Structures are given as C-alpha cells and as structure tokens.
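Quick note, the sequences are listed as chains A, B, C, D and E, same order. Heads up: take any position in the first sequence, counting from 1, add 2, and you land on the numbering used here. Heads up: take any position in the second sequence, counting from 1, add 2, and you land on the numbering used here. Heads up: take any position in the third sequence, counting from 1, add 724, and you land on the numbering used here. Heads up: take any position in the fourth sequence, counting from 1, add 1200, and you land on the numbering used here. Heads up: take any position in the fifth sequence, counting from 1, add 12, and you land on the numbering used here. Built from N, CA and C at the ideal position, the CB exists for glycine as well. Predicted model only: the values in this text are computed from it and were never measured. The block underneath contains the structure these notes are about, expressed in structure tokens.
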Amino acid sequence: MNEPIIKLEKVVKRFGDTTVLNELDFEVQPGEKVTIIGPSGSGKSTVLRILMTLEGIDSGMIYVAGQPLWHEYKNDALVPAGEAHLRNMRKHMGMVFQQFNLFPHMTVRRNITEAPVHVLGLSKHEARQRAEEYLELVGLADQADKFPRQLSGGQQQRVAIARALAMRPRIMLFDEPTSALDPELVGEVLSVIQRLSQEHDLTMLLVTHEMQFAQQISDRVCFFDKGVIVEQGTPETLFANPVEPRTREFLKGVTLEATVEQDA
Amino acid sequence: MNEPIIKLEKVVKRFGDTTVLNELDFEVQPGEKVTIIGPSGSGKSTVLRILMTLEGIDSGMIYVAGQPLWHEYKNDALVPAGEAHLRNMRKHMGMVFQQFNLFPHMTVRRNITEAPVHVLGLSKHEARQRAEEYLELVGLADQADKFPRQLSGGQQQRVAIARALAMRPRIMLFDEPTSALDPELVGEVLSVIQRLSQEHDLTMLLVTHEMQFAQQISDRVCFFDKGVIVEQGTPETLFANPVEPRTREFLKGVTLEATVEQDA
Amino acid sequence: MEWLDYLPPLMKGAWVTVQLAVYSTVLGGIFSFAFGMGKLASNRALRAFSIAVIEFFRGTSLLVQLFWLYFALPLLGQSLGVDLRLPPVLAGVLALSLNIGAYGAEVVRGALQAVPREQTEAAQALDFTPRQILWRIRLPQAVPEMMPSFGNLAVQNLKDTALVSLVGLSDLAFRAEQIRNITQDNTTIYTLLLLMYFGMALVLTLCMKLLERSVGRWRSGGT
Amino acid sequence: MLFGISWNLDGGNWLFAWSILPILLRGLLVTVQAAALGFVVAAILGLLLAALKGAQSRWVSWPAKALSEFIRDTPLLVQLFFLYYVLPDYGIVLPAFLTGALALGIQYSAYTSEVYRAGLESVLKGQAEAARALDLTPLRIFAVIVLPQAIPRIIPALGNYLVSIMKDVPVLSVVSVLEMLNVAKIIGDRSFNYLIPLSMVGALYLVLTLASSAGVRYLDNRLPKQGLPLR
Amino acid sequence: ATLQQIKDKGVVRIAIANEIPYGYSGLDGKAKGIGPDVAQQVMKQLGVKKIEWSTTGFSSLIPGLKAHRFDMVAAEMAILPQRCQQVLFSDPNSSYGEGLLVAKGNPDKLHSFEQFSQGQAKVAIMAGADQLEMLQALGVPQSNILTIASNADAISTVSTGRASAYAATSLTVSQLAGKSPRVEAASDFSDPVVHGQPVRSWGAFAFAKDSQELRDAFNAELAKFKSTPAWRKIMAQYGFSDADMKASFDKKESQLCAQ
Ligand SMILES: Nc1ncnc2c1ncn2[C@@H]1O[C@H](COP(=O)(O)OP(=O)(O)OP(=O)(O)O)[C@@H](O)[C@H]1O
Ligand SMILES: Nc1ncnc2c1ncn2[C@@H]1O[C@H](COP(=O)(O)OP(=O)(O)OP(=O)(O)O)[C@@H](O)[C@H]1O
Ligand SMILES: [Mg+2]
Ligand SMILES: [Mg+2]
C-alpha cells in the first residue's frame, strides 16, 4: 500500500458542547474513491469541511499529501497552521457543495476562470481554454455565457464540478452533490461524477444518500455514526453483509426499497 | 361498477399561459386506491389541489360523491360554487401534504383536535378521545404533548395523517407524503399508509415517486404527463408492460435503480 | 448646583415619559393590528382606508404631525364649528401611537404574509373558515415573528416621546430644558438626560425580550 | 414679510396659501439639504462603525457595539441639544445647520452600520466558503464575491434611511435651523394662522417622501438581485 | 371662560413662557416671576384658590389662549396693537425697556439695535417676541436675524458667537448676564427709536377674546394690588427699578392697543 494521501489521526471536533468527531482515524489512498454514508448529524459533512479547511479541529492530526494540514513546522516545532500554509494545502483539494454555491453574479465562464486566473496566475486566455475543456467534460460547452440562475439545478451542479476541477486538484470532495436536486435531474450529475471516478489519478471522497450509486463507483464505503467510523469495506461486503447492528439498522430502510423491487 | 366517488370531466386548468390540465377525464371508484405517477410539472399535485378546492378550475366539471364540486345548483341553474358549498364538499376529503404542514404553534394533540372541535363542533373531550384513537393508529400515542418541531419528519408526517383522518373523510389525498423525508424515515410513513390502504371504505388518491410502494398498495396506477393521463392500469400491467413510449421513457429511470440493485 | 439636585425634577419628567411611552406603545400596538389586518382585508374600502392611513403617517414627519394636531387642528375645528382642542397629552399620545401604528401595521402585515401559504392550505383542507384561519392559525404564528420589530418600534417610540416636550408636555426632555433655563449647566444636564433615556431604553428592550420569549415559546420547543 | 417675501393674509385662504408657498419652498430646500448632508455623514460614519463592530479584537468591537446601541437608544432631539449646547463648552462651535446635519448623521450611523452588516451577511455564508474552497484570497473574496452581491442589497436599504432622515429634519428647528417646519411655525406665529402653513408642510412632506420612496423602489427594482454582473 | 366658570371649577389655568424674571418655573416645578407672583395674589383676591400652571414656548402663548388651552397668560407679554387683535390684555403690570446681551467684553462694540441694520453682525431674538417688529422697523435685514426657541438658549448662542448679541428686554438681559461669566449686558445701551419715539414696553396679563368679563374683574383687583407695598416688594425682588415701577402706571391698556 502507498502512503495515504489523506490521513486523520484521532481527530476531535466539537461545536459547543456536542462532540461531532470523536477521535476519528481515517485514511484514503491516492486515487481511491471513498463514499461516506451515515445518518443525519453523524459528522459526514464536517469531515469534508475540515479537510477543505472551512472548519478547524480541536485536537488530533491531519495529513494531506504527506504534510500536516492544520499544523506547520516552524523552526522544527509543530505549530497551528497560518493562513499561508492553509492556502497552500487547499490547492490539493476541490470541493462540490450540496447547494452548488455558484457565484450568482458571474457568468458560468467567469465562475470557472476566476480562481485559475487569480489564484493559479493563469492568463485569461489559458483560463478560458481550460474552462472550455471542463465545460465540455460536464457537457455544458454551450452554456458558458449564461448566469447560474438561467440554468437548471443539475446544470448548476455540473458547473460547480467543472469549477472545482479547473483548479486541477488531486482530491475532490463531494458533499451530497445531488440531494438538492429534483429527482429527474440527479442522473445527469451522477453520470458526470461516475465518469470522473474512472480517472485513476483523482482521489474522491463523496458523501451521498444514493446507495446504489455509491455501490457503483466506490472502492470503499465508510459508515459513519456519532463521529466515528462504525464499519467500512468494499461496497459488495458492506451492503450485502453489514456486521455492525447500527449499520444493519441504517441500511434496513435503504434495502427495503430494493426488496420491494425484487418482489415485482 | 359503482357510481364513481370522484369524477373529472374535461377539466382544464391554466396558470397564466401554461395549460396544466388539458381536458382531463378521470374517475375514482369508492374505496379504490389510486396512485398517480409522472414527471415533475405534469399536473399531479394540481389534480389533488383542485379536489381539495385549494385551486379553482378554468372549465370542465368535477363531481365528488355525486355532487358537483366547483359548481352548485341555484334555482335549478348550475352556478360557480360559493364558499358555503365548497366547505360542505371539503368535508368529504382529507389531504396530507408533502411538507406535512402541521401547525407549529400547537401541540400534536391540539393539531388534531382543533378542527374537530371548531369545524365539526365536537366537545373537547370527544375530540381528545378521537385524537388518541388516531395517534394510536399511527403509532404516536405517547407524543401527544409535544410540539411538531420536537418530532422527526416521519413522525410529523404521521401526525399529519392522523390530523386528516380525525375529520373522518371518505377520501384521502396524499401528495408525495414521503418526498420531504430523510431516506431512513420514509419507511415508517409508508407503513402507516399501507395499513390505511387495507381499510376498504377509504378512497385513496396518492401522488408518489416511490414506485415500489405504489406497486404494493394501489388498485390502479395512472401515469400523468402534460396534464393528461397517458396510460393507466393495475400496477402489474403498467410497470411490467408499459404500452406508451412516454411511460416507458419515464419508467426507465426508475428501473435503472432497480437494475443496479440487482447487480449487487 | 449639584447634579443630584437635578434628579428629583428629572425623575418627575421621566415618569411622564414612561407614561407617555406606555400609553402610546399600547395604543400603537392596537393601531398596528387594526391597520395591518385592514390592509390585508378583503373589503376594498377597509383596505384603501388602511393604506391611506399607513402611507400618510409614514409619509410625513412625526414632529409635523404633532404640531399639526396641536396648533392646526383646533383652528380647523374652529372653522368647522367643532371643538377639536386636544389636550397636549392626547395630541402627543395620538401622534406617537398613530405613527408607530403605521409602521407597526407594516410589521403585522409582513408577519401575516410570512406565515407560509401552506399553513392556510392545510387549514383550508381541514375545513376551517377564513376567519378561523386568521385567528387560530395565522395570527398565533405571526405574532412571535413580529416581536423583534415591535421591540425596535417601542424603543423608537420611547425616543420620539422627547418631541412632545416641544408642545409643552412636561416630560423628561422638557424638565431638562427648564433646569437649563435656570442653571445653564449644559454638560451635566444633557449627559444626565442621555443616560436616563438610555437606561429607560435598556429596560424597555429587556421587557420586550421577555415578552418575545413568552409569546414564542412553541418556537423554541418548550412546552 | 419673511425672507424678503411678503404674504397675503387678507385675500382669503387660497391667496394666503399661494403667497406663502415660495417661503415654504425655501424651507423645503433647507430640509433637503440638511437631509442630504446628514445622509452622507450617516453613510460614512455607519461604514466606520460597521467596520469597528466587525473588528476581530473584542477591545474594538465591544465598545463600538456599545456606542452604536447608545446612539440608537437615545433621542435625536437630546443628541442634537447635546451637540449644540455642550460641544461649545469644549471649544467646538458649529453653526446650527452643520450641528443638525451632524446629529442626524450620528443618529442614523447606528442604523446604517446595521445595513452594511446585514448586506454583507446576506451574501450567503456558502458564497464565501465556496470562494475559500477555490483558494481565493480574502481581499479578492471581499472585492469580487461579497461586495458585488452585497451592494444591490445595501443601496436600497440606505435609500430608505434617507427618507427617514428627511422626516427627522424638522427636529432641527429647535436649534433655529430654518427648515420647512420652522418656517411654517414662524409664519404661524406672525399670522396667527397655523392651519394653512402646517397643513401645507404636511402635504409637501407627503409629496417629498412618496416621491423619494418611489425613487428608492425604482432603484431597488433596477439593481440586479443576484449582484452586479461580472462576465 | 367667565370668572364664575372658573370659580365653579375652582381652578384657573395660567400659562408662562419660561422667561426669567417674567414668568418661569423653578427647579421644584413651581411657577415664579413677577407674572406668576402677581397673578397668584390677584387670583386669591378674586377668590380662586387653585392655579394650574403650564409652561410653553413664548410663541405658543397667543395660539394657546385662542384655542382655550389656558385661561390666562402671565408672561408679561408686551401690549401691542396687533396682539390686541388676537387677545385681550389687562392693564399694564410692568414696564420695561430694551437691552442687548453680548459676549464678555463686548468685542463687537454693540450698543444699540440700529447697529444691526448694516454689516454682517447677527442679532438673536426669541421666536414670537416683539423685538422682531422693532428690528424690522429699524431696517435690520432678515439675514441678520437669528430666531431662537427660548431665552434659555441665549447665553449659548451669544457666547459661542452664533449671534453677536441677543436682543431682549433689559431685565431679561441683566438676568441672563448674571448667570454666566461669558456674557454681559451691553453697556451704554441706547433704546431703539421707532417712529420718532424711544421704545418702551408695557407688560400685562393676556386673556382670550371672549373673556372680557374675567379681564375686567382681574383689572379691578390688579389695580388694587398694585397700590400695595406687597406689589412693590415683588417687583423689586425680581430687579425692577423704581423708575420701571412708576412707568408701569403711565399707560392704560386702551391707549396701548389704539396706537
Ligand atoms: N456550525 C455549526 N455550529 C454548531 N453545530 C454544528 C455546526 N455545523 C454542524 N454542527 C453539528 O454537528 C453535527 C454534525 O454535522 P454534519 O453537518 O457534519 O452532519 P452530517 O453527517 O453531514 O449530516 P447531514 O446528513 O444532515 O448533512 C450535527 O449535530 C450538527 O448539528
Ligand atoms: N400557483 C401556480 N402558479 C403558476 N404556475 C403553477 C402554480 N402551481 C403550479 N404551477 C405550474 O403547473 C404545472 C404543474 O404543477 P404541479 O405542481 O401540478 O406538478 P406536479 O406534477 O405535482 O410536479 P412535481 O412532481 O414537481 O410536484 C407546473 O408547470 C407548475 O410550474
Ligand atoms: Mg451534511
Ligand atoms: Mg407536485
């Protein structure tokens, strides 16, 4: 096994009195596609947000690409990371949010080029070419001049994916990327993600409620509850033979649908 | 066949320029359990809302329990219904909404007793007994003193069902009663509805995206598109052998999920 | 003269201010509901009347209204042959309460409209009459929504009471002017005055917060 | 005679009203000037106050919040008296008009500071997070993501306060600023007819505020809700 | 109101304008000054025991009387013909000349009202006071006149230079001068001369137009009281000179109104 690209060691995260992550240990290998499932409030989003440095941690260590994320070395001592370090670390990751969070006052193209131009220092021209490339990838090459509100939810989410990809991150974080979408629009976003998952370089960490989809794309599924990983494994083993009672309980509601289906 | 309890004749409904129901003909027999499926915007909710008199119609006739719904006889002439007539007609029906729509400022018990007391004129005591009876039915007898926000979504929806039942309607309308629920909570609501569906007096009209569930409970499934019924039949025939191309197209997305499941 | 000597007359004035504030806030609250619900009424005349009152009192300056009620209205009464001489207290309370009533009406209207339409529909589906829907469903849900705005309006109203000193009501600001007439001790008097108004506003804010909590209990999930 | 303009008291109410209209209009001009100046002060002080209130250090933000609360909770009239009579005791003598505009500006800065804060906060938290996830610098996030979206929400809200300020200008009459109400009052003192000048002031105010409110609404509708467009 | 109505109610409503020494309210809220002190005595003689005082701006006195917000004004308002058209006056209670309140040391060397008809120096007057007519008659341009709301604002107005002087009655001026070291009464003041006559004012009590009978009754008792040493004591206590006291007998209300 390689050196993991993401490594959490005994990470604790609290909001006020509630402990959301409770000494969480978690590793992801480069190129691995990992899905996180679990009940609402179990801390799934929090893990992603901490990795994206949108949320700090209370104790523990996190390494991304071999470097500490929330700490840095200063004169050989490990100190809480400064903004410069965080910005460097963020370059490794891209994130796609549940609510898309496109910039509503920018055209689709500008949404995608803004960061490459002003963060990576690409020329306008290069950034535009790159935007075209990724819009092509998500099937929206002809929508570049529209504003987000002129697009459907599924299209908006695909733009958000293109926007994150345009920064060429090694790790992509998806936080329930389809749960704000109308049922008919889910498919188009899932198919884009599925295509991405076939790219072997890209490490993917995905929170989702779409179990069938999780099954299809992931190398590993982690079941979260109350801030710890209760059980994990390949989708085949986890969905077919959950060991822990809590996992079984959780998957019951899910497989119910499947059972009914098989009756038909 | 009996006299239908619900009968729509060439009903037209427009919102501005868009025709939502286009000369719709539709009948439901007493005690029948009918499921309406169809793509978003096809007019499924609109049918229920018109029956519940939350929305008027532009032309056509509707009969509920043999009486015209949106019209009444005055001096032997058929005239648009007044508020008094509508209120009388509404007594036949109860409705459960997608977003539950419980009254947040009332306890669960009060939510249920309010209408029986102030609309039907029951005594407080009778109404409370009735509330207990229906809370028992939906499995929430111990939650009567809580406020809606203290309950989970699934519990709230069950209270909403009890609230509608407490008015003793002959017809129950359900508009996507589980689509606002987290996946784990769907099951409990569906099982309550399933139990209700076994009561032969009650006429049920149900809009849902839960195809497997529709299959289980309904006597008849109607596929709506663009304001007309494209195809209808028993669940077995409709799901197994859809005739119309539009129905097949629509059911494709549905069975995709099922296929994935069967891969596992 | 010591600042302590100013306190007794100032306290007398403060008492007048408190009374004015209470009367006009309560009356203003009543006006708020009357005009706010009037603006949503189905009766066209009632709606037009409410809108006219709201627009008028929001559109003109409070001090102008006060002067008009105090100086101009009696003359109008004279020319019509009716006695329209309002005592200063009444003119003051009326101007203040109509003013916050007009602003409060918009709060009431806004809060009523903010109650989700689905609530009305759910109630309709349960066969409630429109009147029952208003009183049993919409208003109880709207009131907690209004409370923060009403809190702000009450403080605004407290501040506005200072203007009645200009038509000769011996409120806090007026007493201060009287003392200044005698002592010319500007700094002490105005500092005291600012602090006293501030103190009253803090107490008022606290009261409104308590009220807010008690009417909105169901929202915080308590029983 | 007032301000070199004479009026006609003997020719009946309409003639009287007509003859004092020019005098009142001069007062109206002063009203508008005072409101405009007060608004500028409020807009600037409010921004400053908002910045202080949002400061990282509690030693800055807390006093700023307290000051803002104090300003908001005390009457304009008393603040005006304070500025007008107390400041000169400490060697700061401003003309009545400037004192009045300053008092209006200070009073409303407490409100405008909230407008700025709300305007910035209304740009959903998600927006700043998405920008951060893209690694944009804080300065750029503020300038390109937050500000263009906040401005269309801030401007109409500020406009509404301009209308409010206009309605508070008559308070300045107590320090002998010759705004519209004061002028009307003086005409009344001289002619012993208050009904007509005061009613005219009311009517003029109604026209003024309805027109400016309509202006604010127009602006509000014209401003792009989703933010100043960037291509 | 008639005297009888007042007696029936047992209380008379009297307004003052918060001017020292004519009529003002003390820290305790009680009315003081020659107007209130004399009115109190006369009312006692008329058999009215209770007085309800109200303090209002000077410019609100006449409107208030006209609106019957009070029965009488005890502010030593000067009897002027145009005021006689609005209200009824008693016979004079006092007589006073004019004065100028200036900043300490009189930096602008001001000694008369006439000086304001030229140049830029501003003179302040109280809203509704009769100094406006005098200044206008002397040809002082409007731009040189600043109207303040009350006497209490005069010291601040003059000492801060917002106006160079405050034009008021000599008594008001000397009272104000005594309150602050930053102001003084202009020395060598020469009374304004209007229509060839030096200005002197006669202050009196004012009543609503329909209170003739009350006014007449009041006049009778006032005349009686003015002949007692008690009256002289009151006047002296508030700074009136013997000459001022004597002058108050020179004119009758009817003469002053007819001018
Ligand atoms: N900013 C915050 N302040 C306080 N509590 C928070 C905050 N963000 C999250 N929480 C709490 O932390 C817990 C975990 O939240 P998180 O969003 O990670 O859950 P989740 O697993 O993503 O759930 P969901 O499926 O509902 O999105 C929840 O109890 C939530 O209420
Ligand atoms: N109040 C309204 N005003 C205007 N258009 C409306 C209104 N209500 C519904 N519509 C339109 O009518 C059409 C049918 O709406 P309806 O809600 O019945 O669809 P539906 O089949 O229930 O869809 P969904 O599955 O999304 O709930 C849609 O195009 C919708 O936009
Ligand atoms: Mg989450
Ligand atoms: Mg629907």
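*Out of D:Ile-1244, D:Val-1371 and D:Ser-1399, point me to the one whose CA is closest to Ala-1384 (chain D)'s CA.*
D:Ser-1399
*Could you spell out the range, first to last residue, of the beta strand (DSSP E) harbouring His-73 (chain A)?*
73 to 76
*Could you please give me the residues that DSSP links to Pro-179 (chain B) through a beta bridge?*
Note: Pro-179 (chain B) sits in no beta bridge, so no partner.
_Taking CB distances under 8 Å as the criterion, tell me whether Arg-112 (chain A) reaches chain D._
yes
*Mind listing which residues have their beta carbon within less than 5 Å of any non-hydrogen atom of ligand 1? Chain order is fine.*
A:Phe-17, A:Val-22, A:Ser-42, A:Gly-43, A:Ser-44, A:Gly-45, A:Lys-46, A:Ser-47 and A:Thr-48
_Does Asp-83 (chain E) pass the burial test, meaning 16 or more other C-beta atoms within 10 Å, or should it be called exposed?_
buried
*asked:* Along the stretch 1376 to 1388 of chain D, where does the CB come closer than 9 Å to a CB of chain E? Name the residues.
replied: Ser-1376, Leu-1378, Asn-1382, Lys-1385, Ile-1386 and Gly-1388
*Between Leu-1283 (chain D) and Ala-1264 (chain D), is the Cβ-Cβ spacing less than 8 Å?*
no
*Hey, does Thr-947 (chain C) have any beta-carbon neighbour from chain B nearer than 8 Å?*
Caution applies to Thr-947 (chain C), whose pLDDT of 40 falls short of 50 and renders its modelled position unreliable; the model cannot decide the point.
*Could you have a look at Ala-180 (chain E) and say whether DSSP puts it in helix, strand or coil?*
strand
*Between which two residues does the beta strand (DSSP E) containing Pro-48 (chain E) stretch?*
Here Pro-48 (chain E) belongs to no beta strand (DSSP E); instead the alpha helix (DSSP H) covers 46 to 58.
_Per the DSSP calculation, Leu-113 (chain E) is bridged to which residue(s)?_
E:Tyr-178 and E:Ala-197
*Using the DSSP secondary-structure output, state which residues sit across from Arg-16 (chain A) in a beta bridge.*
A:Thr-21
*Roughly how many angstroms lie between the CA atoms of Asp-729 (chain C) and Gly-84 (chain A), to the nearest whole one?*
59 Å
*In whole angstroms, what is the alpha-carbon distance linking Gln-1256 (chain D) and Tyr-1316 (chain D)?*
17 Å
*For chain C, is any of its Cβ atoms less than 8 Å away from the one on Ser-1399 (chain D)?*
yes
*Give the straight-line distance between the Cα atoms of Glu-263 (chain B) and Lys-126 (chain B), rounded to the nearest whole angstrom.*
Unreliable placement is indicated for Glu-263 (chain B), whose pLDDT of 37 sits below 50; the coordinate value is still reported in the next sentence. Spanning the two alpha carbons is a distance of roughly 51 Å.
_Which residue marks the beginning of the beta strand (DSSP E) containing Thr-37 (chain B), and which one marks its end?_
35 to 39
*Give the DSSP-derived three-state secondary structure of Leu-268 (chain E) in the structure shown.*
helix
*Where Thr-55 (chain B) and Pro-840 (chain C) are concerned, what is the direct C-alpha to C-alpha distance, given to the nearest angstrom?*
18 Å
*Can you tell me whether DSSP reads Pro-185 (chain A) as helix, strand or coil?*
helix
*Cutoff 7 Å; reference Gln-143 (chain E); Cβ partners in own chain excluding five residues on either side*: Ile-137, Ala-179 and Ala-180
*Phe-1297 (chain D) beta carbon less than 8 Å from that of Pro-75 (chain E)*: no
*asked:* Let me check understanding here. Comparing Cα to Cα, which of A:Thr-21, A:Leu-10, A:Ile-195 and A:Pro-32 lies closest to Gly-62 (chain A)?
replied: A:Leu-10
*Jot down the residue ranges of each uninterrupted alpha helix (DSSP H) in the stretch 185 to 249 of chain E, minimum 4 residues, whole runs only, in chain order.*
224 to 238 and 241 to 249
_Where Gly-805 (chain C) meets chain E, residues with beta-carbon distance less than 9 Å_ = Correct list: empty, because the minimum Cβ distance to chain E is about 14 Å.
*Relative to ligand 4, is the shortest distance from any of its heavy atoms to the C-beta of Asp-184 (chain A) smaller than 7 Å?*
no
_Once DSSP output is grouped into helix, strand and coil, what is the label at Ala-67 (chain B)?_
coil
*Check the Cβ of Glu-1329 (chain D) against every Cβ in chain A and list those closer than 9 Å, keeping chain order.*
Arg-51, Met-54, Leu-56, Met-97, Phe-99 and Asn-103
*Are three or more beta carbon pairs between the stretch 926 to 943 of chain C and the stretch 858 to 876 of chain C nearer than 8 Å?*
yes
*Near ligand 4: Asp-177 (chain B) beta-carbon under 7 Å from a heavy atom*: yes
*With a threshold of 7 Å, establish whether the CB of Val-209 (chain A) neighbours any heavy atom of ligand 3.*
yes
*asked:* Less than 8 Å between the C-beta atoms of Ala-146 (chain B) and Leu-137 (chain B), yes or no?
replied: yes
_Spatially closest choice to Ser-102 (chain E) from E:Ala-235, E:Pro-193 and E:Ala-255, by CA coordinates_ = E:Ala-235
_Is Gly-173 (chain E) close to chain D? Criterion is C-beta to C-beta, closer than 8 Å._
yes
*Apply the 10 Å Cβ neighbour rule to Lys-1367 (chain D) and answer buried if 16 or more other Cβ atoms are within range, or exposed otherwise.*
buried
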